[in-house]
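Student:
Protein chains in written order, with the numbering used here: chain A, 632 to 838; chain B, 80 to 453.
1) Would you verify that the beta carbon of residue 226/B is, or is not, closer than 8 Å to some beta carbon of chain A?
2) In the DSSP assignment, what are the bridge partners of residue 277/B?
3) Going straight from the alpha carbon of residue 345/B to that of residue 822/A, what length do you get?
4) How do the stretch 418-425 of chain B and the stretch 215-230 of chain B stand: do at least 3 beta-carbon pairs fall below 8 Å, yes or no?
5) Expressed to the nearest angstrom, what Euclidean distance is found between the alpha-carbon atoms of residue 374/B and residue 129/B?
6) Exposed or buried, residue 442/B, counting other C-beta atoms within 10 Å across all chains shown (16 or more means buried)?
7) Roughly how many whole angstroms lie between the Cα atoms of residue 142/B and residue 178/B?
8) Please compile the residues from chain A whose C-beta is within a distance smaller than 7 Å of the C-beta of residue 324/B.
9) Which first and last residues belong to the beta strand (DSSP E) in which residue 201/B is found?
10) Show which residues of chain A have a CB atom less than 9 Å away from the CB atom of residue 230/B.
11) If you draw a straight line from the alpha carbon of residue 126/B to that of residue 307/B, how long is it in whole angstroms?
12) Counting only beta-carbon atoms, is residue 801/A nearer than 8 Å to chain B?
13) Hey, would you say residue 317/B sits closer than 8 Å to residue 323/B, going by beta carbons?
14) Could you name each continuous alpha helix (DSSP H) segment of 4 residues or more that falls completely within the stretch 719-758 of chain A, going from the start of the chain to the end?
15) Within the same chain, show all residues whose beta-carbon is closer than 8 Å to that of residue 338/B, passing over the 5 residues directly before and after it, in chain order.
16) Identify whether residue 82/B lies in helix, strand or coil by the three-state DSSP scheme.
17) So for residue 662/A, helix, strand or coil by DSSP?
18) Residues of chain B with CB under 7 Å from residue 805/A, in chain order?
19) Quick one: which chain A residues come within Cβ less than 9 Å of residue 442/B?
20) Who are the Cβ neighbours of residue 281/B in its own chain at under 8 Å, not counting the five residues just before and after it?
21) Counting only Cβ pairs nearer than 9 Å, list the residues of chain A close to residue 416/B.
22) So which residues on chain A does residue 222/B lean against when the C-beta distance must stay under 8 Å?
23) Please tell me whether residue 663/A has its Cβ less than 8 Å away from any Cβ of chain E.
24) Curious, which full-length alpha helix (DSSP H) runs of at least 4 residues does the stretch 167-236 of chain B contain?
25) Determine the DSSP secondary structure at residue 877/A, reduced to helix, strand or coil.
26) Let me make sure I understand the geometry here. Which of 642/A, 777/A, 695/A has the alpha-carbon closest to that of residue 799/A?
27) Take every Cβ of the stretch 777-789 of chain A, pair it with every Cβ of the stretch 746-755 of chain A, and state whether three or more of those distances are shorter than 8 Å.
28) Assign residue 791/A to one of two classes, buried (16 or more other C-beta atoms within 10 Å of its C-beta) or exposed (fewer than that).
29) At 4 residues or longer, what runs of the alpha helix (DSSP H) sit wholly inside the stretch 764-828 of chain A?
30) Please classify residue 386/B: does DSSP put it in a helix, a strand, or coil?
31) Would you decide whether residue 788/A is buried or exposed? Buried here means 16 or more other CB atoms lie within 10 Å of its CB.
32) Let me know if residue 416/B comes out buried or exposed under the rule of 16 or more other beta-carbons within 10 Å of its beta-carbon.
33) Taking the alpha carbon of residue 371/B as the point to measure from, which residue in 380/B, 349/B, 383/B, 256/B has its own alpha carbon closest?
34) For residue 395/B and residue 110/B, I'd like the C-alpha separation in whole angstroms.
35) Apart from the five residues just before and just after residue 81/B, which ones in its own chain have a Cβ nearer than 6 Å to its Cβ?
Below, the structure written as structure tokens:
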């Protein structure tokens, strides 16, 4: 995985976790594009006569980028039609969904069937969405004193978080605050993974 | 000459009682880090005393909140692992510096949050004392300033000042310079023209000096000279440059800190202010008022108590020189052209980010080690 690609995928994660509703739109884009691009790539792979003719290396990456870019453009067009406000708020960051999807796809092992590929992509998309949502809730609740959701009926779409709305921790709403939250989230996930790995190795030891 | 002690094999298990060294390179000094920290804290007591005398209970409340919160955060992150690190003085010094840097009018959640952030995020998250790559006190202050820019700069009038005077001289200078036609030769002249009033003590002393000592020679001190010099102005609790310099002189004498980094830092700031400072406000060359800026805000405290922090400053002499110039330039830019407080805390935080690079670029490995690595 190139560091540049990872850093580029951080841009929309930082920009779109300033409010919960932005992170939800971003999550919807990531899940949809990730799922559909995985299906498309899987179908193309399976249609190849043999592994010798299927693309590898840079060509494979280019193919994945093309597929996810086309699907991202379609998502942008759809979002503009459904919710022009959300489309405007995503702005320059919605095309970068393609990069996030590439990062997710890079981690994806080959699956036996199309259904398994699709369910794997869905799972990874949901995991990324959950991370974005956690960071967004933390940043918006502390950094702005609100949690912004979709308005429905009498609910105007904004939950006020106690006295924080008057004196919010603005530093968390800035890009540095987003990096801080992402760092702690990554650290927590790494700690959980390390603990699981050590527990598993303890269990494998002969008694 | 006695025979050298036997060297254990590289893969030999370390005895459980053996000390566990930290990350190399190691420095060996005559004084323990614990003693150095407590000496630094003790040297700040005169500045704290003047702050409490000038601002009264609010100063005690702000300093107490930052101190207690720093100690509580340190306890909360060490006691669960059955460690007690309060005795090393690091958390107390962090809390004390944060309290001194903030104004007495700041709401108590500001020093509390600054201390908690400094200890929890900047220090303990990276492994505790010795492993933090940023000065916890300055990092906490920058966090509070970014989060609550208004509340973190709420000043109150010190003892002997007209009630309601709350703008610091730096804030008043910025406001005055933003008005058309307010350009004067020096910052104090700008403030005088803008109607910024200083204390009665300053008027009396400066008037007496002018009348009896300077007027025969055709010279005169500006109103506010004494107040700015001794830190008797609205602003940070520990803004008294002479008392801070006194404490720093003691630390230099005891070799707790070295002179290079603070002197180069302040020197480069003064030179830049002198040459380019006036250009920022259209006053021309050599009109930046370096003396006023040197004595205002938290520059002296940052230069002597945060910049030479042994954990976050470069190990090599060349690195210290480079960092000193960088800190001076950053403080100059942030103060004259920025809006983030007086610029000193932010400059320290930005400079700390460069320290690992400076160590990497300027640290010379022993020749034998270099050959071994090759």
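Even glycine gets a Cβ: it sits at the ideal position worked out from N, Cα and C.
Tutor: Per the coordinate set shown:
1) Position 147 of the second chain holds residue 226/B. It does: the Cβ of residue 226/B has a partner Cβ on chain A nearer than 8 Å.
2) On the second chain, residue 277/B is found 198 positions in, with the first residue counted as 1. DSSP output for residue 277/B lists no bridge partner at all.
3) Taking the first residue of the second chain as position 1, residue 345/B is located at position 266. Taking the first residue of the first chain as position 1, residue 822/A is located at position 191. If you take the alpha carbons of residue 345/B and residue 822/A, they lie about 43 Å apart.
4) yes
5) Indexing the second chain from 1 puts residue 374/B at position 295. Indexing the second chain from 1 puts residue 129/B at position 50. Rounded to whole angstroms, residue 374/B to residue 129/B spans 16 Å at the Cα level.
6) Translated into the one-based positions of the second chain, residue 442/B becomes position 363. Classification for residue 442/B: exposed.
7) Translated into positions along the second chain, residue 142/B becomes position 63. Translated into positions along the second chain, residue 178/B becomes position 99. Approximately 4 Å, taken between the alpha carbons.
8) Residue mapping note: residue 324/B aligns to position 245 of the second chain, counting from 1. Per Cβ cutoff of 7 Å: no residues; residue 324/B is ~32 Å from chain A at best.
9) If you number the second chain from 1, residue 201/B lands on position 122. Careful: residue 201/B lies outside any beta strand (DSSP E) and carries neither H nor E.
10) Here the question's residue 230/B lines up with position 151 in the second chain. Going along chain A in sequence order, the residues near residue 230/B (Cβ under 9 Å) are 798.
11) Your numbering for residue 126/B matches position 47 in the second chain. Your numbering for residue 307/B matches position 228 in the second chain. When rounded, the separation of the alpha-carbon atoms in residue 126/B and residue 307/B is 14 Å.
12) Reading the first chain from its first residue, position 170 is the one you call residue 801/A. Yes - at least one Cβ of chain B is within 8 Å of the one on residue 801/A.
13) The residue labelled residue 317/B in the question sits at position 238 within the second chain. The residue labelled residue 323/B in the question sits at position 244 within the second chain. In contact: residue 317/B and residue 323/B (Cβ atoms closer than 8 Å).
14) 728-737
15) On the second chain, residue 338/B is found 259 positions in, with the first residue counted as 1. Once the five neighbours on either side are set aside, the close Cβ partners of residue 338/B are 331.
16) The residue you call residue 82/B lines up with position 3 of the second chain. Confidence at residue 82/B is low in this model, with a pLDDT of 46, below 50, so its placement is unreliable and the value that follows should be read with caution. It is coil, neither helix nor strand.
17) As a working mapping, residue 662/A is identified with position 31 in the first chain. Residue 662/A sits in a helix when the DSSP states are folded into three classes.
18) Translated into the one-based positions of the first chain, residue 805/A becomes position 174. Neighbours of residue 805/A on chain B, chain order: 225.
19) For the purposes of this step, residue 442/B is taken as the residue at position 363 of the second chain. Ordered by position in chain A, no residue passes the 9 Å Cβ test against residue 442/B, which lies about 25 Å from the chain.
20) Looking up residue 281/B in the second chain gives position 202. Correct list, in chain order: 302, 303, 304, 305, 306, 311.
21) Sequence index remark: in the second chain, residue 416/B carries index 337 (1-based). Here the premise fails: no neighbours, minimum Cβ distance about 20 Å.
22) Within the second chain, residue 222/B is the residue found at index 143, counting from 1. Going along chain A in sequence order, the residues near residue 222/B (Cβ under 8 Å) are 802.
23) Included in the structure are the protein chains A and B, with no chain E among them.
24) Complete alpha helix (DSSP H) runs here, min 4: 169-180, 188-195, 215-226.
25) The structure shown has nothing for residue 877/A, since chain A only spans 632 to 838.
26) Residue 799/A sits at position 168 when you count from the first residue of the first chain. Out of 642/A, 777/A, 695/A, 777/A has the C-alpha closest to the C-alpha of residue 799/A.
27) With the rule of 3 Cβ pairs closer than 8 Å, the stretch 777-789 of chain A does not count as touching the stretch 746-755 of chain A.
28) Walking along the first chain from the start, residue 791/A turns up at place 160. When all chains shown are included, residue 791/A counts as exposed.
29) 801-804
30) Residue numbering aside, residue 386/B sits at position 307 when the second chain is read from its first letter. Here DSSP, grouped into helix, strand and coil, assigns residue 386/B to coil.
31) Position 157 of the first chain, counted from the start, is the residue given in the question as residue 788/A. By the 10 Å Cβ count, residue 788/A comes out exposed.
32) The residue you call residue 416/B lines up with position 337 of the second chain. So residue 416/B counts as exposed.
33) Numbered from 1 along the second chain, position 292 holds the residue referred to as residue 371/B. Checking every option, the nearest Cα to that of residue 371/B belongs to 349/B.
34) Taking the second chain and counting its residues from 1, one reaches residue 395/B at position 316. Taking the second chain and counting its residues from 1, one reaches residue 110/B at position 31. Each residue's alpha carbon lies about 19 Å from the other.
35) Residue mapping note: residue 81/B aligns to position 2 of the second chain, counting from 1. Below a pLDDT of 50, predicted positions are generally treated as unreliable, and residue 81/B, at 44, falls in that range; the measurement from the model is reported next regardless. Within the same chain, no residue comes within 6 Å of residue 81/B by CB-CB distance, once the 5 residues on both sides are set aside.
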